[in-house]
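Input: a single structure, listed below in structure tokens.
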Amino acid sequence: MELIVTEKDNAARRIAEILSDDTASTGRRNGVNVYRWGEKRCVGLSGHVVGVDFPPEYADWRDVQPAELVEADIVKTPTQENIVRTLKELSGRADRATIATDYDREGELIGKEAYELIREETDIPIERVRFSSITENEVREAFGNPDDLDFDLAAAGEARQIIDLLWGAALTRFLSLSAGQLGEDFISVGRVQSPTLKLIVDREREIQAFEPDDYWELFADLLQADTAFEAQYFRREDGKEKERVWNEADATEAFERLQGAREAIVESVRRRTRTDEPPAPFDTTRYISAASSVGLSAQKAMSVAEELYTAGYITYPRTDNTVYPDDLDPEALLSEFTGHYLFSEDAESLLAAEDIEPTEGDEETTDHPPIHPTGEIPDRDGLSDDEWEVYELVVRHFFATVADAAEWEHLKVVADANGCLLKSNGKRLVDPGYHEVYPYRSTAENHVPAVEEGELLDVEDARIEAKQTQPPRRRGQSRLIEEMADLGIGTKSTRHNTLQKLYDRGYIESDPPRPTKLAVAVVEAAEKFADRIVDEGMTAQLEADMQAIVDGEKDLEEVTDESREMLEAIFEELHDSREAVGEHLRESMKADRTLGSCPECGESLLVRRSRQGSYFVGCDGFPECRYTLPLPNQGEPTVLEETCSEHDLRHVKMLAGRSTFVHGCPQCKSEEADDTDDEVIGVCPECGTEHGGELAIKRLRNGSRLVGCTRYPECEYSLPLPRRGDIEVTEGRCEEHDLPHLLVTDGADDDPWDLGCPICNYADYRERQAASEIEDLDGVGAKTAEKLAAAGIESIEDLRAADADAVADDVQGVSGDRLREWQAAANASAAAD
DNA sequence: GCAAGGTC
Numbered sequence: 001m002e003l004i005v006t007e008k009d010n011a012a013r014r015i016a017e018i019l020s021d022d023t024a025s026t027g028r029r030n031g032v033n034v035y036r037w038g039e040k041r042c043v044g045l046s047g048h049v050v051g052v053d054f055p056p057e058y059a060d061w062r063d064v065q066p067a068e069l070v071e072a073d074i075v076k077t078p079t080q081e082n083i084v085r086t087l088k089e090l091s092g093r094a095d096r097a098t099i100a101t102d103y104d105r106e107g108e109l110i111g112k113e114a115y116e117l118i119r120e121e122t123d124i125p126i127e128r129v130r131f132s133s134i135t136e137n138e139v140r141e142a143f144g145n146p147d148d149l150d151f152d153l154a155a156a157g158e159a160r161q162i163i164d165l166l167w168g169a170a171l172t173r174f175l176s177l178s179a180g181q182l183g184e185d186f187i188s189v190g191r192v193q194s195p196t197l198k199l200i201v202d203r204e205r206e207i208q209a210f211e212p213d214d215y216w217e218l219f220a221d222l223l224q225a226d227t228a229f230e231a232q233y234f235r236r237e238d239g240k241e242k243e244r245v246w247n248e249a250d251a252t253e254a255f256e257r258l259q260g261a262r263e264a265i266v267e268s269v270r271r272r273t274r275t276d277e278p279p280a281p282f283d284t285t286r287y288i289s290a291a292s293s294v295g296l297s298a299q300k301a302m303s304v305a306e307e308l309y310t311a312g313y314i315t316y317p318r319t320d321n322t323v324y325p326d327d328l329d330p331e332a333l334l335s336e337f338t339g340h341y342l343f344s345e346d347a348e349s350l351l352a353a354e355d356i357e358p359t360e361g362d363e364e365t366t367d368h369p370p371i372h373p374t375g376e377i378p379d380r381d382g383l384s385d386d387e388w389e390v391y392e393l394v395v396r397h398f399f400a401t402v403a404d405a406a407e408w409e410h411l412k413v414v415a416d417a418n419g420c421l422l423k424s425n426g427k428r429l430v431d432p433g434y435h436e437v438y439p440y441r442s443t444a445e446n447h448v449p450a451v452e453e454g455e456l457l458d459v460e461d462a463r464i465e466a467k468q469t470q471p472p473r474r475r476g477q478s479r480l481i482e483e484m485a486d487l488g489i490g491t492k493s494t495r496h497n498t499l500q501k502l503y504d505r506g507y508i509e510s511d512p513p514r515p516t517k518l519a520v521a522v523v524e525a526a527e528k529f530a531d532r533i534v535d536e537g538m539t540a541q542l543e544a545d546m547q548a549i550v551d552g553e554k555d556l557e558e559v560t561d562e563s564r565e566m567l568e569a570i571f572e573e574l575h576d577s578r579e580a581v582g583e584h585l586r587e588s589m590k591a592d593r594t595l596g597s598c599p600e601c602g603e604s605l606l607v608r609r610s611r612q613g614s615y616f617v618g619c620d621g622f623p624e625c626r627y628t629l630p631l632p633n634q635g636e637p638t639v640l641e642e643t644c645s646e647h648d649l650r651h652v653k654m655l656a657g658r659s660t661f662v663h664g665c666p667q668c669k670s671e672e673a674d675d676t677d678d679e680v681i682g683v684c685p686e687c688g689t690e691h692g693g694e695l696a697i698k699r700l701r702n703g704s705r706l707v708g709c710t711r712y713p714e715c716e717y718s719l720p721l722p723r724r725g726d727i728e729v730t731e732g733r734c735e736e737h738d739l740p741h742l743l744v745t746d747g748a749d750d751d752p753w754d755l756g757c758p759i760c761n762y763a764d765y766r767e768r769q770a771a772s773e774i775e776d777l778d779g780v781g782a783k784t785a786e787k788l789a790a791a792g793i794e795s796i797e798d799l800r801a802a803d804a805d806a807v808a809d810d811v812q813g814v815s816g817d818r819l820r821e822w823q824a825a826a827n828a829s830a831a832a833d
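Per the UniProt record's numbering, the very first residue in the first sequence carries number 1; after that it's consecutive.
In structure tokens form, the structure reads like this:
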């Protein structure tokens with residue numbers, strides 16, 4: 001029997017299909033798919049199935065000095081036991097094996113891990129095949145010409161594993177122990193996360209240090225016949241055009257001159273055409289950027305792409321390649337889209353071109369092809385809105401890469417008005433080219449009429465604008481990922497996770513991300529004592545060392561020993577500073593939770609957590625001072641920079657996913673509640689007739705509002721009300737519940753919201769809530785939720801109780817298996833609650 | 001329970 005091992009199940013299935021001419025059958029062993037045909041068996045791993053770690057005696061952080069980890073043994077243990085067992089069982093029966101993991105460094109290491117697991121069982125011959133896309137030609141070619149594993153390349157990967165573990169674990173433990181943070185809130189550092197964090201912290205430092213300068217800009221309208229166009233004042237200095245005027249006196253003088261001008265004479269007219277090349281094929285980084293321009297976070301972009309890949313609609317989404325492989329036939333792929341209701345027209349117009357030559361990017365790698373549609377087209381109704389949006393983006397991006405360049409015509413007019421130079425830049429898209437199939441980039445034009453040199457134009461509406469130079473902007477998530485890619489830190493598969501990790505560790509918040517005080521303290525501590533860990537140069541050095549291993553110039557031991565020595569030296573430095581470092585970290589963490597000073601005793605007011613797990617604001621002087629303020633019971637609080645002018649307390653924001661909101665100053669909220677009387681609107685439906693309870697609009701000290709019984713706490717009947725807006729009790733009445741209709745006005749601009757009867761409103765709300773819970777399940781989306789509702793599935797409870805196959809028969813485009821996945825997810829979230 | 005890298 002011949003055993004074939006791939007990096008993932010998906011690859012195993014497709015390779016089995018190709019090599020078996022579609023005759024392979026699927027079996028399960030220990031819950032793992034095994035594809036078989038004739039005497040062949042093909043099994044997919046799940047990336048690394050073994051991991052590096054320290055021996056168990058190093059497991060307890062308190063029992064081990066972090067510095068001891070530097071010289072500790074490192075062992076490999078199975079992390080995916082079912083897969084490891086399956087691989088071993090199969091290799092026991094095999095008489096030869098072929099490693100077909102991905103064609104990159106990590107793939108070679110994963111291949112070597114499989115090799116070692118097989119070797120524990122048997123000494124059969126083990127070969128290695130390499131191909132960069134799973135297409136008929138490439139796969140057959142690779143299997144026809146097998147090679148050997150490249151043990152040096154795998155060793156380069158192992159060096160990385162060891163160095164990352166040593167530095168990451170030892171320094172993470174040191175910082176966490178020094179600050180006394182041993183629970184889930186440990187303080188982490190690492191070769192990739194810490195330089196990324198430093199990027200964010202450094203930008204924040206620039207922003208803090210920035211001192212704005214005043215400047216002025218002047219504009220006027222020029223008129224040709226009835227057409228007015230805007231022109232900007234500038235001066236020529238050292239052969240350059242300067243639009244900004246840096247002192248007020250000069251600006252006022254120029255403005256007066258410009259105001260005095262009735263006419264301007266056209267000094268020059270310059271036309272030029274600019275070619276606007278279509279984009280290069282999608283690698284992961286470019287894809288994430290494009291997805292962010294349609295509003296998806298990096299995380300979301302990757303999870304949606306993963307879904308589309310697994311479903312077979314797009315190619316593998318983790319790739320560094322921006323050059324399509326020879327195997328890709330653009331015409332054949334375009335032809336797949338002819339006849340499609342949405343894509344047909346564009347596909348046909350592209351096919352009509354004389355020759356179709358795709359664009360190429362700078363990176364040509366062996367890992368996977370650039371991301372492109374497979375040609376299998378999903379049903380619109382089977383995808384969620386996000387999935388469809390991403391699918392269309394990938395299709396249109398592929399279209400763009402085989403489309404023509406666009407052509408712009410630029411027109412620059414310079415005129416002299418009373419000694420003031422004015423310029424106007426027009427642009428017109430003369431040939432839309434790829435923009436016709438790719439609507440994701442701006443094609444905004446700026447119209448400037450065709451004037452001639454020497455022509456006289458009227459000048460109108462001279463304006464002066466006082467401005468200030470702006471600090472550099474914070475980078476958004478996709479910009480950070482691009483920057484990481486440029487610096488060579490992280491990989492296509494991990495960069496978005498690294499950002500998520502920084503959020504999870506309490507190092508960054510909001511989007512674009514800004515660093516917490518803890519993050520600044522971690523970066524400062526690292527800069528002082530372990531500069532390497534926050535320097536992207538560590539990765540550059542590691543890459544060089546890995547290359548030396550690949551080239552046979554160094555071996556694994558040399559590289560890791562050198563790294564151990566450096567880390568050792570760092571720990572010698574750190575030894576005496578442990579107290580100081582810990583103190584600084586603790587102070588910063590406290591500062592992140594501090595709102596200001598206690599109005600009763602002057603100590604710090606902090607966000608704290610009660611034993612029941614709810615958050616509140618409490619005094620650091622507890623138990624001597626018992627001053628507290630409540631916080632909303634929804635979400636995780638973070639403290640904002642913004643400060644309440646009345647109480648000098650920082651505002652609080654509650655992070656709760658989509659329903660994140662700014663709570664503001666907790667003292668204001670609390671006082672507002674105390675100063676607001678309950679407004680009775682009717683009889684309590686639960687206890688009214690018996691005990692005389694009344695329903696009233698109440699404002700709570702934690703900022704929420706509700707309609708509740710005046711006999712609270714004896715009667716707990718309550719209905720929620722929106723957090724924002726003025727609530728007005730109107731003349732309208734609900735006959736069913738004998739309650740007035742309520743009207744909510746939020747700001748002057750928005751239309752008031754007719755909330756109606758609060759009981760009816762709450763019933764409606766519950767129904768919508770149930771539907772949106774369904775929509776939130778991965779891969780459901782609005783369309784599908786609607787169809788499910790039509791089939792009687794309106795809530796998570798309905799879904800969990802449903803017979804999957806019966807529902808699948810009712811709902812077009814949804815399989816029983818898909819439903820069972822959703823049920824599993826619904827069960828899991830119910831269990832988590 | 002630490003990292004970063006695979007994959008789900």
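C-beta: ideal position from N, C-alpha, C; glycine also.
ask   = Can you give the beta carbon distance from Val-448 to Ser-424, rounded, assuming they're within the 8 Å contact cut?
value = About 5 Å separates the beta carbon of Val-448 from that of Ser-424, a gap short enough to meet the 8 Å contact definition.
request  = Take Gly-602 as the anchor and find which of Leu-755, Arg-475, Asp-648, Asp-764 has the nearest alpha-carbon.
outcome  = Gly-602 has its Cα closest to that of Asp-648, out of Leu-755, Arg-475, Asp-648, Asp-764.
key: the segment 199-207 / the segment 432-444 touching (three or more Cβ pairs under 8 Å)   = They do not touch, by the three-pair rule.
ask   = If Leu-706 and Ile-727 are in contact, beta carbons under 8 Å, what's the gap, nearest whole angstrom?
value = Beta-carbon to beta-carbon, Leu-706 and Ile-727 are separated by about 11 Å, too far to satisfy the 8 Å threshold.
ask   = Identify the residues that DSSP records as bridge partners of Asn-425: which are they?
value = Partner(s): Lys-412.
inquiry  = By the three-class DSSP mapping on this structure, what secondary structure does Pro-330 have?
reply    = Per DSSP, reduced to three states, the secondary structure at Pro-330 is helical.
message = Could you check if Val-50 belongs to the surroundings of the ligand FMN, using beta carbon to heavy atom distance under 6 Å?
response = Annotation note on the ligand FMN: not contained in the displayed structure, which lists no ligands.
Helix, strand or coil at Trp-753 according to DSSP, with G and I counted as helix = Correct three-state label for Trp-753: strand.
task = Pull up the distance between the alpha-carbon of Ala-159 and that of Glu-558, whole angstroms please.
result = In a straight line, the C-alpha of Ala-159 is about 10 Å away from that of Glu-558.
request  = Tell me, to the nearest whole angstrom, how far the beta carbon of Leu-90 is from that of Val-34; I am working on the premise that it is less than 8 Å.
outcome  = Confirmed, Cβ separation roughly 7 Å.
task = Give me whichever residues DSSP pairs with Asp-22 in a beta bridge.
result = Within the DSSP secondary-structure output, Asp-22 pairs in no beta bridge.
message = Which same chain residues end up closer than 7 Å to Ser-133 when comparing Cβ atoms and leaving out the 5 residues on each side of it in sequence?
response = Answer for Ser-133: Pro-325, Asp-327, His-368, Pro-369, listed in chain order.
request  = Using a threshold of 7 Å, state whether the C-beta atoms of Leu-629 and Asp-620 are closer than that.
outcome  = Contact: no.
request  = Can you say whether Phe-343 is buried or exposed, counting buried as having 16 or more other CB atoms within 10 angstroms of its CB?
outcome  = Phe-343 comes out buried.
ask   = Would a C-beta distance cut-off of 7 Å place Glu-7 and Asp-147 closer than the cut-off?
value = Between Glu-7 and Asp-147, the C-beta spacing is not below 7 Å.
Range of the contiguous beta strand (DSSP E) that encloses Val-304 = Note, Val-304: premise wrong, no beta strand (DSSP E); alpha helix (DSSP H) at 298-310.
key: Proximal residues to Ile-570 (C-beta, below 6 Å), its chain only, five neighbours per side dropped   = Ala-530.
request  = Taking only the alpha-carbon atoms, compute the straight-line gap between Val-52 and Gly-144 and give it to the nearest angstrom.
outcome  = Distance between the alpha carbons of Val-52 and Gly-144 is about 34 Å.
ask   = Apart from the five residues on each side of it in sequence, which residues of its chain come closer than 6 Å, Cβ to Cβ, to Ala-466?
value = Correct list, in chain order: Trp-216.
query = According to the Cβ coordinates, are Glu-409 and Thr-273 closer than 7 Å?
reply = Yes, the pair counts as a contact, with Cβ atoms nearer than the cut-off.
query = Cβ atoms of Met-484 and Arg-473: under 7 Å apart, would you say?
reply = One thing to note: Arg-473 has its Cβ no nearer than 7 Å to the Cβ of Met-484.
Residue of Asp-221, Tyr-313, Tyr-391 minimising C-alpha distance to Ala-417 = Closest option to Ala-417, Cα to Cα, is Asp-221.
ask   = Measuring CB to CB, does Thr-516 end up less than 7 Å from Gly-506?
value = Against a cut-off of 7 Å, the Cβ pair of Gly-506 and Thr-516 comes out as a contact.
task = With a threshold of 16 other CB atoms inside 10 Å of the CB of Phe-210, please say whether the residue is buried or exposed.
result = By the neighbour-count criterion, in which 16 or more other beta carbons inside 10 Å mark a residue as buried, Phe-210 falls on the exposed side.
task = Kindly indicate which residue of Cys-757, Val-139, Cys-42, Gly-725 has the alpha-carbon position closest to the one of Leu-739.
result = With distances taken between Cα atoms, Leu-739 lies closest to Cys-757.
Through-space distance from Leu-719 to residue 922, alpha-carbon basis = For the chain, the structure presents residues 1 to 833; residue 922 sits outside this window and is missing.
Contact under 7 Å by Cβ, Glu-568 with Val-192 = Not a contact, by the Cβ cut-off of 7 Å.
query = In its own chain, which residues sit with a C-beta less than 7 Å from the C-beta of Leu-117, not counting the 5 before and 5 after it?
reply = Cβ within range, chain order: Val-84, Leu-87, Lys-88.
request  = Check Glu-230 in the structure and name its three-state DSSP category.
outcome  = It is a strand residue.
inquiry  = If you follow the alpha helix (DSSP H) that Asp-385 is in, where does it begin and where does it stop?
reply    = Counting along the chain, the alpha helix (DSSP H) containing Asp-385 begins and ends at 385-401.
ask   = Touching or not, the segment 584-596 and the segment 530-544, by the rule of three or more beta carbon pairs under 8 Å?
value = Short answer: they don't touch.
query = Got a sec? Which residues, its chain only, sit under 7 Å from Glu-17 by beta carbon, not counting five neighbours each side?
reply = These residues qualify, in order along the chain: Ala-24.
query = What does DSSP give as the partner residues of Glu-616 in its beta bridges?
reply = Glu is not the amino acid found at residue 616; the sequence shown has Phe there. According to DSSP, which records beta bridges pairwise, Phe-616 is partnered with Arg-608, Pro-630.
task = Kindly list the residues whose CB is nearer than 6 Å to the CB of Leu-270, restricted to its own chain and excluding five residues on each side of it in sequence; keep chain order.
result = Position check: residue 270 holds Arg in this sequence, whereas Leu was assumed. So the qualifying residues of the chain are Lys-412.
message = I need the straight-line Cα distance from Thr-285 to Ser-292, nearest angstrom please.
response = Approximately 11 Å, taken between the alpha carbons.
ask   = In whole angstroms, what is the alpha-carbon distance linking Thr-252 and Ala-261?
value = Distance between the alpha carbons of Thr-252 and Ala-261 is about 14 Å.
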